[in-house]
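Visitor: Going by the working numbering, the first residue of the sequence shown is number 54, and it counts up by one from there. The beta-carbon is built from N, C-alpha and C at its ideal position, and this holds for glycine as well. Below is a structure I'd like to ask you about.
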Amino acid sequence: MPPVAKVEPITTARALRGPFDYLRPDGVDIGSVLVVPFGHRDVVGVVVGLADSSDLPDERLAAPRRVLDHDLPPDLVELAAWIAEQYCSTLARALALVSPPPRGRAKLTWWASATVAGAPRGRRPTARQRALLAELPRAAGSDLPALRRLEARGLVRLQRRATRRHVEHASVGARRAQPPPLTADQARVLADVDSALNDSRPQPLLLHGVTGSGKTEIYLRAAATALAQRRGVIVLVPEIALTPQIVSRFVDRFGDTVAVLHSKLSPGERHDEWTRLRSGAARVCVGPRSAVFAPIEGLGLIVLDEEHDSSYKHEGDPRYDARHVAARRAQQAGALLVAGSATPRPESVHALRRLRLPARVDGRPLAPVRIVDMRERQGPLHPDTSHALVDARKAIVLLNRRGWSNFVDCRSCGHAWTCPQCDVALVLHRAQRHLACHHCGHREPVPERCVTCGSISVARHGAGTERLEHDLAQIGHDVFRLDAEVRDPGLLLRRFEHSERGILLGTQMVAKGHDFPDVTLGVVVDADSTLRFPDFRAEERTFALVAQLAGRAGRGAGGGRVLVQTMAPEAASIVAAARHDADGFLAAELGRRQALRYPPFSHLIRIVCSASEGQAVGEAVGAIRAALGEIPGAIVLGPAPLFRLRGRERAQLVIKGSQRGPAIGAAGAAVAEVAGDRTRRGVAFSVDVDPQ
Ligand code: ADP
Ligand code: ZN
Ligand code: ZN
């Protein structure tokens, strides 16, 4: 047995790079989690390699203090190393992603069991008490007072026990739902999926199916096949709070073998779900992007639902993309990856074999879409839109802007209120009576007069969801506003579902996967808001948003229609979305990307330097540019200044390369070299591979 364990301490410091050698105790292997002495303190580390000997002299080779009782599957250690390299991060940070959540405190519950006393003394137990006795042993729950009385009579013994924090999944109960018979289209697609599940090295598949075409049923059947092969399943969803339906469908079908990871779980509950997966007690994990790291051995299937959703990209270091990681993990495990969407990304269409579900399960057509030209109009709503809203019993309205109005200025002198920390306009939030920065959270009171000229003529421009909520309330419907300010989106969606006459109003959150059959009207207010972003994905995002919202209307017997208000009625992405023409859009978009050499025809890497001083930023970004030198097959765009954020000046470089490896290598080396220079303390560097 090799006597040396190579241990990577889990720290966020970029400067501290292991692995470091320690003595290897019995039973320790790759993936073991240890507490090791490090300098003057003890740190937690993961064994990432083994060796027969160390360069350290024997007397300096320390023994670990402790071996923790949870370990990582070795393939997750390997995956972490790949992530660190692919996203120019550190192994320690990548290992933190795949490590189990902290244990938290064990939950103790009262547990009642029968005593040996047997026959009751004194009074005969009441019917209710007899019922309680018949159910022993059992957790006390809300019957604790009644059980205490039985305990006093010597019939029951109560003890506190640590239990698994049983996570209540949004299941309809213990019943297993009977799968419906498949449609002909579903059967055809499933045959391909099942045959891929029987390949030893399956190629990933893209399930391109219109909204309501029954993609989830395909995922469920594929999962059943994988489970029958005694293999595990990961199901990635954009955001659990917004898509509870898919979770409950998995729980209903597969019961307790499903572990759900979501943001509402306490650390202890997360830990318990992690442990259930690690031990094999649960074989299916449903969760958001981080569920791609579920500790499942013998993985057979990874499902990526709504694969176009930008929440799959992680915005902290390592800036990983769960879709890219899922593809790697599937390849590593010989598992099948099935990515599904009604509006797949051009990248996926280009790279994956595509299976189609061209029609809705019930054969209903997609709702007709009308483009409403707003170029000559005042106010947020066209009169036709207002009339349609009055007539509709239930509607969904999308406005991708929070707050009351998007900016505030002075009519007399033109002074505009901007964030003192960031170079952006402040947004008025009327109910909370403040102006807020949507980038850093800065707040200040709503001005009564101009700070520059003293005029009381302060103007509010543009409308956000808060203002529109106010306008829509005049119509007489109940208005349910869903945006980032809502605490419990699930509750809000249920209230909308059960309302008699209701309008669900909100940001892009309203366009995500909901299935409300009685919604007959969909409205997009300002469809070109996403088009105005200076980003090569603006077209793709606009198409997906409009097409997804259009897919939410007319799912029931009543049919439905969609109105898309825009200042750019001829924009290709909006016209294609209005025709439900994903193929037309994708063909044109891929053509454009090829001509401009954007992904998938190139790889982008963004390097951002930031500091409180503009000069330090300029020097740092210049030094990075110089360190990058010539990269084969790549061009470097910039340096370009970015708007100030959280009080920090920023500048960026973008590498656009035909080959991924050399571009990543060059970016990583340049940042390591420049960031390692002590004179640049105070400058922060971030590397974003495949930025969104
Ligand atoms: P998608 O994910 O493609 O938008 P869903 O999977 O949500 O579509 O399916 C839409 C609706 O059709 C759901 O209510 C689902 O239960 C139902 N459904 C799916 N497949 C079938 C089938 N074969 N027969 C009857 N109903 C089905
Ligand atoms: Zn003024
Ligand atoms: Zn700010």
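Reducing DSSP to helix, strand and coil, say where F654 ends up.
Guide: Reduced to three states, the DSSP call for F654 is coil.
Visitor: If you draw a straight line from the alpha carbon of V130 to that of K709, how long is it in whole angstroms?
Guide: The straight-line gap from Cα to Cα measures roughly 30 Å.
Visitor: Is the beta carbon of E592 closer than 9 Å to that of E642?
Guide: Going by C-beta atoms, E642 is nearer than 9 Å to E592.
Visitor: Y272 by DSSP, collapsed to three states: which one?
Guide: Looking at Y272 - three-state DSSP - the assignment turns out to be helix.
Visitor: For S739, which residues from the same chain have a beta carbon less than 6 Å from its beta carbon, with the 5 sequence-adjacent residues on both sides left out?
Guide: Only V661 meet the Cβ criterion.
Visitor: Ordered along the chain, which non-local residues of its own chain (more than five positions away) have a Cβ less than 6 Å from that of G226?
Guide: The pLDDT assigned to G226 is 44, lower than 50, so where the model puts this residue is not dependable; a value taken from the coordinates is nonetheless given after this. Same-chain partners within the cutoff: there are none.
Visitor: When burial is assigned at 16 or more other CB atoms within 10 Å of the CB, is H261 buried or exposed?
Guide: With 16 or more other Cβ atoms within 10 Å, it is buried.
Visitor: Does the count of Cβ pairs from the stretch 251 to 265 and the stretch 408 to 421 closer than 8 Å reach three?
Guide: Flag = yes, the stretch 251 to 265 and the stretch 408 to 421 touch.
Visitor: In the DSSP assignment, find the alpha helix (DSSP H) that holds H403 and state where it starts and stops.
Guide: H403 -> alpha helix (DSSP H) spans 399 to 404.
Visitor: For ligand 2, enumerate in chain order all residues having a CB closer than 6 Å to any of its heavy atoms.
Guide: Answer in sequence order: C463, S465, C466, H468, C503, T505, C506, S508.
Visitor: Could you check whether the Cβ of H492 sits closer than 8 Å to any heavy atom belonging to ligand 3?
Guide: Yes, the Cβ of H492 comes within 8 Å of a heavy atom of ligand 3.
Visitor: Do L481 and ligand 3 come close, with the Cβ less than 8 Å from some heavy atom?
Guide: It does not: the Cβ of L481 is nowhere closer than 8 Å to a heavy atom of ligand 3.
Visitor: What are the start and end residues of the beta strand (DSSP E) that includes Q231?
Guide: Premise fails: Q231 is in no beta strand (DSSP E) and is neither H nor E.
Visitor: Any contact between the stretch 341 to 358 and the stretch 278 to 296? By contact I mean 3 or more CB pairs, one from each, below 8 Å.
Guide: As far as the Cβ criterion goes, the stretch 341 to 358 touches the stretch 278 to 296, which means the pair count is three or higher.
Visitor: What's the gap between the Cα of L197 and the Cα of A180?
Guide: Whole-angstrom Cα-Cα distance: 17 Å.
Visitor: Can you tell me where the beta strand (DSSP E) with P694 in it begins and where it stops?
Guide: Unbroken beta strand (DSSP E) run through P694: 687 to 698.
Visitor: For K709, write down the residues that DSSP places opposite it in a beta bridge.
Guide: Per DSSP, L657, I688.
Visitor: Looking at the secondary structure, which residues open and close the beta strand (DSSP E) in which F460 lies?
Guide: 460 to 463 is the span of the beta strand (DSSP E), which, as asked, contains F460.
Visitor: Any heavy atom of ligand 3 inside 8 Å of the beta-carbon of Q474?
Guide: Yes, Cβ of Q474 sits closer than 8 Å to a heavy atom of ligand 3.
Visitor: With I136 as the anchor, note down where its alpha helix (DSSP H) starts and where it stops.
Guide: Note, I136: alpha helix (DSSP H), 127 to 139.
Visitor: Report yes if the C-beta of G611 is less than 8 Å from at least one heavy atom of ligand 1; otherwise report no.
Guide: G611: no, Cβ never under 8 Å from ligand 1.
Visitor: Between which two residues does the alpha helix (DSSP H) containing R430 stretch?
Guide: Taken as a continuous stretch (DSSP letters only), R430 belongs to no alpha helix (DSSP H), as it is neither H nor E.
Visitor: Mind checking which residues open and close the alpha helix (DSSP H) that includes L200?
Guide: Looking at the DSSP string, the run of the alpha helix (DSSP H) that includes L200 is 197 to 205.
Visitor: On the CB-based measure, 16 or more other CB atoms within 10 Å of its CB, does V578 come out buried or exposed?
Guide: Burial call: buried.
Visitor: Closest to S106 by C-alpha separation, out of H93, R94, K59, would be which residue?
Guide: S106 has its Cα closest to that of K59, out of H93, R94, K59.
Visitor: Distance check for V81 and D124, CA to CA, integer angstroms please.
Guide: Rounded to whole angstroms, D124 to V81 spans 9 Å at the Cα level.
Visitor: Answer with buried or exposed for T438, where buried requires no fewer than 16 other C-beta atoms within 10 angstroms of its C-beta.
Guide: The residue in question, T438, is buried, as its Cβ has 16 or more Cβ neighbours within 10 Å.
Visitor: Does Q282 come out as helix, strand or coil in the three-state DSSP assignment?
Guide: Three-state result, Q282: coil.
Visitor: Tell me which same chain residues have a C-beta within less than 6 Å of the C-beta of G543, skipping the five on either side of it?
Guide: So the list reads A294, P297, once near-sequence residues are dropped.
Visitor: May I ask you to report which of helix, strand or coil DSSP gives V57?
Guide: Strand.
Visitor: How big is the Cα-Cα spacing for L481 and G456?
Guide: Whole-angstrom Cα-Cα distance: 6 Å.
Visitor: Bridge partners of I299, per DSSP?
Guide: Its beta-bridge partners do not exist; DSSP assigns none.
Visitor: Quick one: grab the DSSP three-state call for A223.
Guide: With a pLDDT of 46 at A223, under the threshold of 50, the modelled position of that residue is not reliable, and no figure is offered here.
Visitor: Less than 8 Å between the CB of L410 and some heavy atom of ligand 1, yes or no?
Guide: Answer for L410: yes, Cβ within range of ligand 1.
Visitor: Let's test the definition: count the other Cβ atoms within 10 Å of the Cβ of S401 and tell me whether it reaches 16, buried, or not, exposed.
Guide: Buried, because 16 or more other Cβ atoms sit within 10 Å of the Cβ of S401.
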